[in-house]
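Participant: Have a look at this one.
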Amino acid sequence: EGASAALVCPGGTYAVGTNLTSESECLPCDEGYSCSPGSTQQTKCSAGTYTDAKRQSECTPCEAGTFQGVAGQTSCDPCEEGKYC
-15 EGASAALVCP
-5 GGTYAVGTNL
5 TSESECLPCD
15 EGYSCSPGST
25 QQTKCSAGTY
35 TDAKRQSECT
45 PCEAGTFQGV
55 AGQTSCDPCE
65 EGKYC
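Right, here's the structure in full:
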């Protein structure tokens, strides 16, 4: 009999430990963070990106005409009038 594969958390979740026995041990990733599959910690969205919901595996780039200069945010801000961003 072969050994079972190690359980990893799906994208949008993370685990603070290893050797998981159930997916219920995975925690949801918070807004402003992303968690790729198998994450053991949340990763802040970098400047220029955001997440506005829990359980996101990737951060969303700010749309044209908006920006975000701070990591770990839940939205992008509109560009100032007369400025390019």
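Residue numbers -15 to 69, in our numbering, belong to the letters of the sequence shown in order.
Every residue gets a Cβ at the ideal spot worked out from N, C-alpha and C, and that includes glycine.
It should be emphasised that the depicted structure is a prediction, and the values quoted were computed from it without experimental measurement.
1. Closer than 8 Å is the cut-off here; do at least three beta carbon pairs connect the region -9 to 4 with the region 34 to 54?
2. Would you mind giving the Cβ-Cβ distance between Thr50 and Cys43, rounded to the nearest angstrom? I have them listed as a contact below 8 Å.
3. Going by other Cβ atoms of all chains shown within 10 Å of its Cβ, with 16 needed for buried, is Gly56 buried or exposed?
4. Determine the direct distance from the alpha carbon of Ser6 to that of Gln52, and round the result to whole angstroms.
5. Which residue from Thr2, Asp14, Gln26 and Glu9 puts its Cα closest to that of Thr58?
6. Beta-carbon separation of Tyr17 and Thr27 under 9 Å?
7. Can you find the residues in the same chain that come closer than 8 Å, C-beta to C-beta, to Val54, ignoring five residues on each side of it along the sequence?
Facilitator: Based on what the coordinates show:
1. yes
2. For the purposes of this step, residue 50 is identified with residue 66 of the sequence shown, where counting begins at 1. For the purposes of this step, residue 43 is identified with residue 59 of the sequence shown, where counting begins at 1. That belief does not hold up - the Cβ atoms of Thr50 and Cys43 are roughly 14 Å apart, past 8 Å.
3. By one-based count along the sequence shown, residue 56 stands at place 72. With 16 or more other Cβ atoms within 10 Å, it is buried.
4. For the purposes of this step, residue 52 is identified with residue 68 of the sequence shown, where counting begins at 1. For the purposes of this step, residue 6 is identified with residue 22 of the sequence shown, where counting begins at 1. Distance between the alpha carbons of Gln52 and Ser6: 37 Å.
5. Taking the first residue of the sequence shown as position 1, residue 58 is located at position 74. Nearest C-alpha to Thr58: Asp14.
6. Looking up residue 17 in the sequence shown gives position 33. Looking up residue 27 in the sequence shown gives position 43. Cβ atoms of Tyr17 and Thr27: closer than 9 Å.
7. Here residue 54 refers to the residue found at position 70 when the sequence shown is read from its first residue. Hits under 8 Å: Ala31.
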